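Just so we're aligned: 1356 in the working numbering is position 60 of the sequence shown, and the numbers increase by one with no gaps anywhere.
Notes for the one structure printed next.
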Amino acid sequence: MIGILGGTFDPIHFGHLRTALDVQEALGLEQVRFLPLNQAVHRPQPQASPTQRLQMVQLAIADRPGFVADASELQRGGASYMLDTLGHLRQQLGTDTPLGLLLGTDAFNDFLSWREPQQVADLCHLLLMTRPGYQLPQQGELAEFVTQRLRQAPAELTGPGGRIYLQPVTQLAISATDLRQRAHQGRGLAYLLPEPVRQFIQSEGLYSDTTGLR
Ligand code: ATP
């Protein structure tokens, strides 16, 4: 199975990297593709430019075989819909390759507001990772959606997509929002993200003005 982790990566941090590695190891993913989005649909636009966010992803994963930076959403331009991204990947990889979309529980809670969520969930398996402070819904439409598709063991993730699996991951209460705030306040970012990314933020003077605060 090929894993996909989409995000703003504004900036990428250990909360993305360690959890992606946990999922990769637990499910034996051949590859995890990190896809910086171009334009956000459901949230304020990122502060760092698309090129800077891609560069930070590349710096973060440079020494890890099996982690791949994928610029396809940036190259496509415009608003980034996961439906289009998966369609594009299916064209590249064919219809039979299992795809696993890694999603933190915060991002998953908005899933039904995505464009064509049922179609997205048919095109890939949803690999949910619990993020500190965010639980899976216990009732309502999204909870029912989970119940219908949830499988208890990785071996049950048969076929190219359509199932949901809940993967326990290292709990890291790190968010890009918090990192931008720290940078803005002149506080250090060490040990929260890879050192080359920290140095890049410093040398580019990223997140020092107020536009990145929200
Ligand atoms: P921001 O604070 O700007 O919203 P973020 O830290 O949530 O950013 P994103 O790039 O928006 O980072 O997240 C991309 C994906 O990674 C989402 O699916 C999100 O749930 C997941 N993710 C981010 N941080 C963590 C974490 N600490 N633990 C588990 N999943 C995470």
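Each residue gets a CB set at the ideal place from its N, CA and C atoms; glycine is no exception.
From a predicted model like this one, the values you see are computed outputs, not experimental measurements.
Which class does residue i belong to by DSSP, given the choice of helix, strand or coil?
i, result
"P1492", "helix"
"R1511", "Nothing in the structure corresponds to residue 1511, since the chain is present only between 1297 and 1510."
"G1302", "strand"
"G1311", "helix"
"I1470", "coil"
"A1358", "coil"
"V1416", "helix"
"A1367", "coil"
"V1337", "coil"
"R1445", "helix"
"Q1435", "coil"
"G1383", "helix"
"M1352", "helix"
"M1297", "coil"
"V1319", "helix"
"P1342", "coil"
Measure the CB-CB distance between residue i and residue j and report whether it falls below 8 angstroms.
i, j, result
"P1332", "F1363", "no"
"L1489", "I1308", "yes"
"L1379", "L1397", "no"
"G1302", "L1325", "no"
"M1297", "P1394", "yes"
"T1401", "Y1377", "no"
"L1502", "A1479", "yes"
"R1447", "L1453", "yes"
"L1399", "L1424", "yes"
"F1496", "Q1387", "no"
"L1389", "L1438", "no"
Would you tell me roughly how many angstroms separate the C-alpha atoms of residue i and residue j, rounded to the nearest one?
i, j, result
"T1391", "R1459", "15 angstroms"
"Q1348", "E1369", "14 angstroms"
"A1336", "A1451", "34 angstroms"
"C1420", "G1383", "10 angstroms"
"A1472", "D1505", "15 angstroms"
"P1456", "G1482", "46 angstroms"
"G1484", "Q1477", "10 angstroms"
"Q1320", "Q1327", "8 angstroms"
"L1323", "Q1463", "9 angstroms"
"P1492", "A1344", "16 angstroms"
"V1353", "E1440", "35 angstroms"
"P1342", "D1418", "29 angstroms"
On the premise that residue j lies in contact with residue i, defined as a C-beta separation below 8 angstroms, what is that separation, rounded to the nearest angstrom?
i, j, result
"L1432", "G1311", "Actually they do not touch by this definition, with Cβ atoms about 18 angstroms apart."
"R1427", "D1366", "Actually they do not touch by this definition, with Cβ atoms about 22 angstroms apart."
"T1315", "V1465", "4 angstroms"
"Y1373", "N1334", "It is Gly, not Tyr, that sits at residue 1373 in the sequence shown. With 8 angstroms as the limit, G1373 and N1334 qualify as a contact, their Cβ atoms being about 6 angstroms apart."
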